[in-house]
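Residue numbers (this note's numbering), protein chains in the order written: chain A, 1 to 110; chain B, 1001 to 1118.
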């Protein structure tokens, strides 16, 4: 299974951009890159996904390296509500499970 | 539109007791999943149901059984609870999950059931 590597934690000031990195050097050509986040005491929620091209939605942007071995989730203006654990996930080999690692715990300070 | 709902929210069991965790979704999704999350860890898949009438084991199925009651409902049963099953249990659903497709579809999660086994 293709694995991802993320920093354990990151810190940001409120209203500043946040760049959350993810390495996935063994990604296969058909693996989609997903990002989910988990707010405290809640279930995970979908943030964004992409395959090769950069993607934008109302929550965030996803920048994917040309070789696809890394990606970056970009929160354009962090708010206190963005404090959460962010998971970078590749599709599991059987196409069903989301293979959650430990993710990056994002702390946002006022 | 409630999304994915789970009952109960909290439960305390004694070792050896049994219980069923209920999950329902109102998004007309084909696939449903049960995950567990231990403290400080990511989620691990227990069982999933790719479509109504099918269920399959995930990463950590031992000690659990599941039933896909209909398209909306997917239950998880602990026949004889053990302290190692103390965890937070999340149910999820997705529009589709087809082998061989690169994109299995966004998964939508419920709020979780916190289970303590003494």
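Just so it is clear, CB atoms sit at the ideal spot from N, CA and C, and this is done for glycine as well.
Assuming residue 1031 of chain B and residue 1047 of chain B form a contact by the criterion Cβ under 8 Å, report the distance between their Cβ atoms to the nearest whole angstrom.
-> No, residue 1031 of chain B and residue 1047 of chain B are not in contact; Cβ-Cβ is about 12 Å, not under 8 Å.
Would residue 41 of chain A be called buried (16 or more neighbouring beta carbons within 10 Å of its own) or exposed?
-> Burial call: exposed.
Within the same chain, show all residues whose beta-carbon is closer than 7 Å to that of residue 1090 of chain B, passing over the 5 residues directly before and after it, in chain order.
-> If we look at residue 1090 of chain B and ignore the five residues flanking it on each side, its Cβ neighbours are 1035, 1037, 1043, 1109, 1110 and 1112.
Could you check the C-alpha separation between residue 67 of chain A and residue 53 of chain A for me, to the nearest Å?
-> Taking the straight line from one Cα to the other gives about 11 Å.
What's the call for residue 1010 of chain B, buried or exposed, on a 16-neighbour Cβ count within 10 Å?
-> By the 10 Å Cβ count, residue 1010 of chain B comes out exposed.
From residue 114 of chain A to residue 47 of chain A, what does the alpha carbon distance come to, in whole angstroms?
-> Nothing can be reported for residue 114 of chain A: it is not among the residues displayed for chain A, which extend from 1 to 110.
Compare the C-beta of residue 1089 of chain B with all C-beta atoms of chain A and state if any pair is closer than 7 Å.
-> So no, residue 1089 of chain B is outside the interface.
Roughly how far, in whole angstroms, is the beta-carbon of residue 1118 of chain B from the beta-carbon of residue 1015 of chain B, given that I think they are within contact range, below 8 Å?
-> The pair is a contact, with the Cβ atoms about 7 Å apart (cut-off 8 Å).
Can you pull the chain D residues whose beta carbon is under 8 Å from the beta carbon of residue 46 of chain A, in chain order?
-> Although the question refers to chain D, the structure presented lacks it and instead comprises the protein chains A and B.
Can you give the Cα-Cα distance for residue 115 of chain A and residue 109 of chain A, rounded to whole angstroms?
-> Shown here, chain A extends from 1 to 110; a query on residue 115 of chain A therefore has no answer.
Does the count of Cβ pairs from the region 1062 to 1082 of chain B and the region 1016 to 1026 of chain B closer than 8 Å reach three?
-> Enough Cβ pairs lie closer than 8 Å, so yes.
Alpha-carbon spacing of residue 1068 of chain B relative to residue 32 of chain A, whole angstroms | Rounded to the nearest angstrom, the two C-alpha atoms are 28 Å apart.
Counting contacts by CB-CB distance shorter than 7 Å, is residue 75 of chain A in contact with chain B?
-> Not a single C-beta of chain B is nearer than 7 Å to the C-beta of residue 75 of chain A.
3 or more residues per run - each beta strand (DSSP E) lying fully within the region 29 to 80 of chain A = With a minimum length of 3 residues, the continuous beta strand (DSSP E) runs that stay inside the region 29 to 80 of chain A are 33 to 38, 45 to 50, 61 to 64 and 70 to 75.
Chain-order list of residues whose beta-carbon lies under 6 Å from that of residue 1066 of chain B (same chain, five-residue window excluded) = The answer, listed in chain order, is 1047, 1055 and 1076.
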